[in-house]
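Q: Let me begin by handing over the structure; questions about it come next.
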Amino acid sequence: MTRAAISAAAVLAVAALMAAWIFRPSFPFVPTADAVSVAQGKVLYAEYCASCHGANLEGQPNWRSPGEDGRLPAPPHDETGHTWHHSDRMLFEYTKLGGQAALANSGVALDSGMPGFGSQLSDAQIRGILNFIKSAWPEREQRYQAERTEVEAQQEGRNQ
């Protein structure tokens, strides 16, 4: 590749990342861990999420290894998985938009099997499901995830 082609590719990549950032969906998530939200989230989780992520948040077997279709199986949502590694924004977008769209908004190209539930669930229902999931984590994981969310919010505030 010539230097001009490499430079053009770099400029296009930066432009694509900027466009993904500018046109990302607004984030209506205000964390609430009240008992009503968690209880409603538990019911909704059983209806919409448990078939893939397990009734006890345990995920699918061998969730770290791609299946025959090349996709990773549904991960656990308990402390043994990686859900608590992500900010509230990422978890909300992943649930609302689906994995592939949420990752694309972050500039990541990955064939995710996670469907979006934005046409089936309201934002409040998605928040309830996430509150239920988060309520099951040990305190250490809850603290880490809250700090991750706060750092991301501060970074976004500086970038606007």
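Going by UniProt numbering, the first residue of the sequence shown is number 1, and it counts up by one from there. Just so it is clear, CB atoms sit at the ideal spot from N, CA and C, and this is done for glycine as well.
Is it the case that the Cβ atoms of residue 84 and residue 144 are separated by a distance below 8 Å?
A: As a first step, residue 84 must be located in the sequence shown, where it is residue number 84. As a first step, residue 144 must be located in the sequence shown, where it is residue number 144. Yes; because the gap between Cβ atoms is below 8 Å, this pair is in contact.
Q: Assess, as a yes-or-no matter, whether the stretch 40-53 is touched by the stretch 100-112 under the definition of 3 or more beta carbon pairs within less than 8 Å.
A: No: the two stretches stay apart, fewer than three of their Cβ pairs being nearer than 8 Å.
Q: Do residue 91 and residue 118 count as a contact pair if the criterion is CB distance below 8 Å?
A: Looking up residue 118 in the sequence shown gives position 118. Looking up residue 91 in the sequence shown gives position 91. No.
Q: Between residue 35 and the rest of its own chain, which residues show a CB-CB distance below 6 Å, the 5 nearest in sequence each way excluded?
A: Translated into the one-based positions of the sequence shown, residue 35 becomes position 35. Within the same chain, residue 35 has no close Cβ partners at all.
Q: Enumerated in chain order, which unbroken segments of the alpha helix (DSSP H) with a length of 4 residues or greater are wholly contained in the UniProt domain "Cytochrome c" (36-137)?
A: Counting only runs of 4 or more, we get 50-53, 88-97, 99-105, 123-135.
Q: Taking the straight line between their C-alpha atoms, what separation do you get for residue 135 and residue 69?
A: Against the sequence shown, residue 135 aligns to sequence position 135. Against the sequence shown, residue 69 aligns to sequence position 69. Going by the C-alpha atoms only, they are around 32 Å apart.
Q: For residue 138, I'd like the list of residues in its chain whose CB is within less than 8 Å of its CB, leaving aside the five on either flank, ordered along the chain.
A: Position 138 of the sequence shown, counted from the start, is the residue given in the question as residue 138. Here the set comprises 79.
Q: Can you give me the C-alpha to C-alpha distance between residue 60 and residue 114, rounded to a whole angstrom?
A: Here residue 60 corresponds to residue number 60 of the sequence shown, with the count starting at 1. Here residue 114 corresponds to residue number 114 of the sequence shown, with the count starting at 1. Going by the C-alpha atoms only, they are around 13 Å apart.
Q: Where does residue 149 fall in DSSP's three states?
A: As a first step, residue 149 must be located in the sequence shown, where it is residue number 149. Here residue 149 sits in helix by DSSP.
Q: Using 8 Å for Cβ pairs, my map puts residue 152 next to residue 87. What's the rounded Cβ distance?
A: What you label residue 152 is simply residue 152 of the sequence shown in a count that begins at 1. What you label residue 87 is simply residue 87 of the sequence shown in a count that begins at 1. The Cβ separation is near 4 Å, so the contact holds.
Q: Relative to the C-alpha of residue 132, which candidate in 52, 56, 51, 2 has its C-alpha closest?
A: One-based indexing of the sequence shown puts residue 132 at position 132. Selected option, being the one with the closest Cα: 56.
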